[in-house]
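Residue numbers (this note's numbering): 596 to 890. Don't be surprised by glycine CBs; every beta carbon is placed ideally from N, CA and C. On a predicted model such as this, the values are computed, not experimentally measured, just so you know. Please read the structure below before turning to the comments.
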Amino acid sequence: MSHIPVLLQEVLQYFDPQPNQDYIDATSGAGGHSLAILEKTKPNGRVLSLDLDERLISKLLLKIKGTELEKRLITVCVNFSEIDQIAKENGFEKVDGILFDLGLNSESLEESGKGFSFLKDEPLDMRFGKEGLTASEIVNTYSLEALTDLIRNYSQEKYAYSIAQAITKFRQRKPIVTTFDLIDIIKHSTPLNYEHRRIHPATRTFQALRIATNNELQILEQAIPKALSLLKEQGKIAVIAYHSLEDRIIKNYFREQAKAGHLQILNKKPITPAASEVSNNFRSRSAKLRIAIKL
Ligand SMILES: C[S@@+](CC[C@H](N)C(=O)[O-])C[C@H]1O[C@@H](n2cnc3c(N)ncnc32)[C@H](O)[C@@H]1O
């Protein structure tokens, strides 16, 4: 399934890219936002596109091969926690706008083979890139307390303790290796009627594990101030978050910076997709966009 860029028109409307401006797309994914910005910044505007997923970068490069975009789209396979250094190395010290479209690409959910989806039996990896512990290593080595905290704090799962307990019990017999191993454990440690709820019983635990595996919240906290330092005066920073934990980080940081006179928040309430976008792209339903301008 190809990835449909979320809140694209809203991002373009707020960024209002002009010919020859430079942007950074910290999470390029399939390149939806990057390519739309490049269209508006002809003839010489550039976009520096970052992503941890090598496969997605290669696909994007293939898409622009032989076009004039080869000169204007610079891709780097890197964690956006290094955004400041990579920007400097590539001549993007002062840019007109920076976008973070957080989380997972739909193609990765479907095709990466890394165990992001609880609908597929795959190795429980869940890393966006190649560094760090896999989700499988986490569930097989963390203590009962650490697992309970991780599941509870990163997903508000009310059965966090039961699930963590079942994980530690299961792994005494054999290691937890695949998504279906984990789903079985979750199903057996939550009430039967949990399965008939609106969301799959594994939804929250999978979210929590993905956040922990990629250290998503800490990395976001590190990256946003770095991004701010790369903006020109009147440059804009836009962040699309898909769960309340990351949205809260952005909301609080923007408020703090606005109070200190460094930023002006452009939308008091987060921008959410119109009903028509959600019906066309279910993944967009939880998106929240916040935009601020550097003073
Ligand atoms: C929602 S997708 C972006 C989709 C993109 N805007 C588009 O329209 O095609 C998020 C992307 O961010 C990448 N990503 C997540 N965390 C990252 C990080 N810390 N550093 C770099 N890339 C990251 C993921 O690999 C994924 O491809």
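Just so you know, the alpha carbons of residue 618 and residue 657 end up roughly 21 Å apart. If only uninterrupted beta strand (DSSP E) runs of at least 3 residues are considered, those enclosed by the segment 672 to 713 are 690 to 696.
Shortest Cα-Cα distance from residue 605 to any of 842, 614 and 834 involves 834. Residue 722 is a Cβ neighbour of residue 808, given a cutoff of 7 Å.
A distance criterion of 6 Å places the beta-carbon of residue 652 beyond contact range of ligand 1, judged by its closest non-hydrogen atom. Taking 3 residues as the minimum length, the beta strand (DSSP E) runs contained wholly in the segment 842 to 876 are 858 to 860, in order along the chain.
Within the same chain, 703, 717, 718, 720, 721 and 722 come within 8 Å of residue 709 by CB-CB distance, once the 5 residues on both sides are set aside.
For residue 600, the closest alpha carbon among the candidates 868, 810, 885 and 889 is that of 868. Beta-bridge annotation (DSSP): residue 644 is paired with 620 and 670. When 779, 689, 696 and 799 are compared, the shortest CA-CA separation from residue 645 is found for 696.
Residue 723 has its CB nearer than 6 Å to a heavy atom of ligand 1. Nearest neighbour of residue 737 by Cα position, chosen from 724, 706, 770 and 713, turns out to be 770. Our two residues, residue 802 and residue 750, have alpha carbons roughly 6 Å apart in a direct line.
For residue 625, the Cβ falls inside the 6 Å cut-off from some heavy atom of ligand 1. Around the beta carbon of residue 662, fewer than 16 other beta carbons sit within 10 angstroms, so the residue counts as exposed. Short note on residue 675: C-beta closer than 6 Å to some heavy atom of ligand 1.
Residue environment analysis places residue 753 among the exposed positions, since fewer than 16 neighbouring C-beta atoms fall within 10 angstroms of its C-beta. Non-local beta-carbon contacts of residue 837 in its own chain, meaning distances under 7 Å to residues more than five positions away in sequence, involve 697, 698, 881 and 882 in chain order. Within the same chain, Cβ atoms closer than 8 Å to the Cβ of residue 665 are found at 659, the five residues on either side in sequence being excluded.
If you check the C-beta of residue 777 against ligand 1, you find no heavy atom less than 6 Å away. Contact annotation: residue 731 and residue 772 have beta-carbon atoms nearer than 7 Å. In this structure, ligand 1 has no non-hydrogen atom nearer than 6 Å to the beta-carbon of residue 868.
Boundaries of the alpha helix (DSSP H) harbouring residue 634: 627 to 635, taken from the DSSP string.
For residue 671, same chain residues with a beta-carbon under 6 Å away, outside a window of 5 residues either side, are 645 and 681 in chain order.
Exclusion of the five residues before and after residue 799 leaves 746, 750, 751 and 752 as the residues of its chain whose Cβ lies within less than 8 Å of its Cβ.
According to the DSSP assignment, residue 794 belongs to no beta strand (DSSP E), since it is labelled neither H nor E.
Residue 752: not part of any beta strand (DSSP E); DSSP gives it neither H nor E. For residue 612, the CB stays at least 6 Å from every heavy atom of ligand 1.
Between ligand 1 and residue 743, a heavy atom-to-CB distance of less than 6 Å is absent.
When the beta-carbon positions are compared, residue 841 and residue 815 come within less than 7 Å of each other.
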